[in-house]
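For the protein sequence lines, the chains are U and R, in the order given. Quick note: the first sequence uses my numbering, first residue 1, plus one each step. Quick note: the second sequence uses my numbering, first residue 1001, plus one each step. From the three backbone atoms N, C-alpha and C, an ideal C-beta is built for every residue, glycine too. See below for the structure under consideration.
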Amino acid sequence: MLNRYPAWKNILVLLAVALGILYSVPNLYPDDEALQVTHESRELVQPDLDNITTALEAAQSRALSSELNDSGILLRFDTVEEQLRAKTAIEEALTDDFIVALNLAPTTPGWMQAIGAGKMNLGLDLQGGVHFLMEVDIEAAVTGRMEDNLSNVRSILRELRIRTRGLNMIDYSHIEVRFASANDRSRARSELIDNFPDLQFQNREAGDVFILDLRMTEDTQLQIQRDTLQANRTTLLNRVDALGVAEPTVQQQGSNRIVVELPGVQDPAQAIRILQRIATLEFHLEAALGAPRSSFETYDYVAPEGVFPVNVDNDVILQGDRISNVRPSLDQNGLPQVQISLDAQGGNQINRVTRDNVGRMMDILLIETRSRTNLVIDENGQEVEDVEFYEDRRLISHARINSALGRQFVITGLTQREAMDLSLLISSGSLAAPMTIVEQSVIGPTMGRENLEQGIRGVQIAAILVVVFMLFYYRVFGLAANVALIMNIVLIFAVLSSVLPATLTLPGIVGIVLTVGMAVDANVLIFTRIKEELRNGLPPQQAISAGYDRAFTTILDANLTTFLVAVVLFTIGTGPVKGFSVTLMIGIITSMFTAIVGTRALVNLIYGGRRDLRSLSIGILPIKPAGGKG
Amino acid sequence: MAAPQFKVNFMGYRKPAAIMSIIIVLISLGSLAASGLEFGLDFTSGTSVRLSFAESAQLDEVGAQLEEAGYEDAVVVNFGSDREIRVLLPLDPNAEVATEAEQAALTGEAIAAYLQERSDTEITLQGSDYVSAKVGEELAEQGGLGMLVALGIIMVYIAVRFQFKFSVGAVTALAHDLIITLGIFSLSGMEFNLNTLAALLAIIGYSLNDTIVVSDRIRENFRMLRKTEPIDTVNISLNQTLGRTLITSFTTLLVLFSILLIGGESTQGFAIALIIGVIVGTYSSIYVASNVIILMNVTREDLLIPVKEGAEADSVP
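Dropping the structure here:
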């Protein structure tokens, strides 16, 4: 018998080899350290580049190259130290509205980028990345909840027809309700106490006014703080996911801060833009005609037919944190709409207000918190940066209430585009509290580089040792296994850099190193099986065929089980666990291909066509055991 | 077939091996319960101190000075520019301060003062904060749930492909390997960080791989050798796969030792965990999984291919 592969299998192997090499080669081009200079509001021009060049000359710093392109000015540098020094120099020379971001510039030739062959994304531990410190305005969250309570108290009392002499918010956690009689107050108290388990009730008299104080308990405030931080973290995670970062860190720091680390982000400015769209939502009624001037505020509403002013009532029906889900969809007639789901309390709140106000307009306000940096003179007469925060309130929806609303309702009469935009805006505002970026920086890649270099050296030495051992132990077959092993590494790199642009972290690298060790397992299984068959007296060609066939089930069973584990880890895990399971899955698939199909193609090429084959160069055969048929 | 067809009578030592395994697992569990694991900064909360230098900060120097001052676990990184650094430190559980934030503030001041004494450049303390663990309960919960689901799926898969008794064997071997590896980490007080966690996941894969290869051979032999006692069939299978088991373990260990010796500090934990895992995994695929299968009275009938026109099932496609 002969061992020949059909042409298509040989072509498949060759094709995989060629593509694997092509798509892993970009990793051999080292990135340049770079600075990306942009401006907040305008495009950069040649004079800007000249300014920068002068500043660099003054600081005796030299860029490898500088170019003015669509996204700004890109400067390349030799070393990280040089890059950081240049950054300081440029920042001193330019005004504050320039953004100088640390970046890495690829050096791969243009045609490779054109066919989608790129470099692997490296994690924060391997290459550095963007780091943000966000501060969550917890007080705003508590205030928001209290304003919510205030509106609810008002409508409950109105329903019960208990007259008050006014409802006021004294501070962010304290509401007072004034009554004309003790009787009114005790009726209200007994009614409200069941509705607001989170509040502490206290009676107080001031002259002939009977006051009921409602205070939020410390425990509730702490609970809100925890919930808010958690909600903000989750929303940030979602937002970061939208950036396409594979292994982001979103970590709580202190009682009101969140750290966001984005490894491998090539455009920090873009990340800032997306993360800074930090917002909360409020649902209001449109002010009734003739309402007192102090009870509403006027906003511009941008409608397709033009901009017109809308008077929005000050009472908040609902806050964004009551929204559990929002998405654009189509109604039964195929018309675009936005579907909004609320939690139980939100459903009650909106129902209470809307059932009495069918026909009126409901408005949604998006409140975005932004920061701007001003230069101010401090007490020593020096210019210092001062970060100022301001609220940007925008009316994003103005729609008629067609019926009493409940936990699920839709906003209709939109174009598809508007539905998408509105849905995005609403979900961006479903954060529990506003956040501000208080600190942003790009982590230098020095430490990462060390990790990476050591990791690569580890892979190299390990590969050499394994290759030498296999060659020594399995001779010609060992050679085939070695070629397969190298192919396997090349394929893993190709898949990781181009097919599945995953972010490689340290655990990922060691995962690859591990496959180097384990990938030979399939070949060891096959070769020991061939040796057994030879010892059992099969002629070489049959032994090769039988060895591959019999080892196949074992290899398949072993790899499939491990693959299943990797799938489970991928589905359930996050961050490092996910990263590890991705490399594991890729490694299993590529190693099965190279170890079974790849080595078989080589072995067939070397031995397969020889009819007179008497022996194989596969190392020492095992000793035949005593007795038995063996 | 009276004469045994194997060189090493592995199953002859199955009782002492079982007793040894049980003792080591119990010691591991005991140590885990008593002293737990030495969690690294990834898993525990700590203090983050930000310092800014009047001139470029020398990271190595700062690291060395902090070590002298007794902060052995300090991690020093550049932060945004070459003049700013961030120092990460684990919380001191013995410190006598009321809150973590207070401890963070005190540590920040102490470090800034200590470094200033030993430096000519001006150092300013930008701030010090309490940092929560990077991977908190969330990951622990996910990890725990993930392990259970993974174990469940493995059991089902093996039960379908092999037989239920093999499922129990494989999962027992897996648990055995994980517990002992964790136990060794607990006993030696080595740091448990994200890399070690990745290593544990890799051990699952490795140990399973080993067990399946052995089980596969046992299944094949049960179908082929009709009049052999189950215990002998297992012994034959173990001998047949011994060469492969040793060579694969050897190449894997070759790789792991080169990572341990060359790969740098950050991968050491990973390498050590996996070296333990590979050694324990090799042992468990021989003694734990097979032992359980024998203990559950595996028979030839368990593994016959259900309907195959009565043909002898000696070759597998």
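Which of helix, strand or coil DSSP assigns to tyrosine 474(U): helix
Cross-strand partners of leucine 1125(R) (DSSP beta bridge): Leu1051(R)
Interface positions of the stretch 454 to 468 of chain U facing chain R (Cβ-Cβ less than 7 Å), listed along the chain: Gln454, Gly455, Arg457, Gly458, Ile461, Ala462, Leu465, Val466
Min CB distance valine 136(U) to chain R below 7 Å: no
Own chain partners of serine 423(U) with C-beta closer than 7 Å, once the 5 adjacent residues on each side are dropped: Val326, Arg327, Pro328, Val338
Beta-bridge pairing of glutamate 67(U) - partner residues as DSSP gives them: Leu74(U)
Contact between the stretch 529 to 548 of chain U and the stretch 484 to 495 of chain U (3+ Cβ pairs under 8 Å): Segments in contact, no.
Residues bridged to proline 718(U) (per DSSP): Only positions 1 to 630 of chain U appear in this structure, which leaves residue 718(U) out of reach.
Cβ separation of proline 457(U) and isoleucine 1262(R), assumed to be a contact under 8 Å, to the nearest whole Å: The sequence as given places arginine at residue 457(U); proline does not occur at that position. That pair is a contact at about 5 Å.
Own chain partners of isoleucine 21(U) with C-beta closer than 7 Å, once the 5 adjacent residues on each side are dropped: If you ignore the 5 residues before and after isoleucine 21(U), its C-beta comes within less than 7 Å of the C-beta of Val490, all in its own chain and listed in chain order.
CA nearest to the CA of leucine 1304(R), picked from Met1147(R), Arg1161(R), Glu1061(R): Arg1161(R)
Coarse secondary structure for isoleucine 211(U), derived from DSSP in three states: Strand at isoleucine 211(U).
Leucine 1200(R) versus tyrosine 1283(R) - alpha carbon distance: 17 Å
Where methionine 1011(R) falls, given that 16 or more other Cβ within 10 Å makes a residue buried: Taking a 10 Å sphere around the C-beta of methionine 1011(R), we find 16 or more other C-beta atoms and assign the residue as buried.
Contacts that glycine 511(U) makes with chain R (C-beta to C-beta distance below 8 Å): Ala1198, Ala1202
Partners in chain U for serine 1258(R), counting only beta-carbon separations shorter than 8 Å: Gly458, Ile461, Ala462, Leu465
Proximity to glutamate 91(U) [Cα-Cα], best of Gln36(U), Asn451(U), Phe593(U): Looking only at Gln36(U), Asn451(U), Phe593(U), the smallest Cα-Cα distance to glutamate 91(U) is reached by Gln36(U).
DSSP-derived helix/strand/coil call for serine 255(U): Note: serine 255(U) maps to coil in three-state DSSP.
Leucine 1256(R) beta carbon less than 7 Å from that of isoleucine 1275(R): yes
Classification of serine 181(U) by the beta-carbon crowding that lies within 10 angstroms, buried from 16 upward: exposed
Close-in-space but distant-in-sequence residues of the same chain around valine 1075(R) (CB under 6 Å, 5 per side omitted): Leu1088
Cutoff 8 Å; reference phenylalanine 201(U); Cβ partners in own chain excluding five residues on either side: Arg189, Leu192, Ile193, Leu212, Asp213, Leu214
Buried versus exposed, by CB contacts within 10 Å (16 or more), methionine 435(U): buried
Delimiting residues of the beta strand (DSSP E) encompassing alanine 303(U): 296 to 303
Closer than 8 Å at the beta carbon, the chain U residues around asparagine 1221(R): Within 8 Å Cβ-Cβ: nothing; asparagine 1221(R) doesn't reach chain U, min ~12 Å.
Residue environment, lysine 531(U), which counts as buried when at least 16 other CB atoms sit within 10 Å: It is buried - the Cβ of lysine 531(U) has at least 16 other Cβ atoms within 10 Å.
Residue-chain proximity (tyrosine 1157(R), chain U), Cβ-Cβ < 7 Å: It does; some Cβ of chain U falls within 7 Å.
DSSP state of aspartate 343(U) mapped onto helix, strand, coil: Three-state DSSP puts aspartate 343(U) in coil, outside helix and strand.
Beta carbon of glutamine 319(U) nearer than 7 Å to that of aspartate 148(U): yes
Residues that DSSP places opposite alanine 1104(R) in a beta bridge: In DSSP, alanine 1104(R) forms no bridge with anything.
Residue of Ser1028(R), Arg1219(R), Val1213(R), Ala1069(R) minimising C-alpha distance to asparagine 554(U): Rather than asparagine, the amino acid found at residue 554(U) in this sequence is threonine. Comparing Cα positions, the closest option is Val1213(R).
Residue environment, lysine 1015(R), which counts as buried when at least 16 other CB atoms sit within 10 Å: Exposed, since its Cβ has fewer than 16 Cβ neighbours within 10 Å.
Beta-carbon proximity list for serine 186(U), same chain, < 6 Å, skipping 5 on both sides: So the list is empty, once near-sequence residues are dropped.
Beta-carbon neighbours of alanine 543(U), restricted to chain R and to distances below 9 Å: Residues of chain R whose Cβ lies closer than 9 Å to the Cβ of alanine 543(U) do not exist, since the nearest Cβ in that chain is about 14 Å away.
Contacts around phenylalanine 1222(R), its chain only, beta-carbon distance under 6 Å, and the 5 residues preceding and following it disregarded: Thr1233, Arg1300, Leu1303
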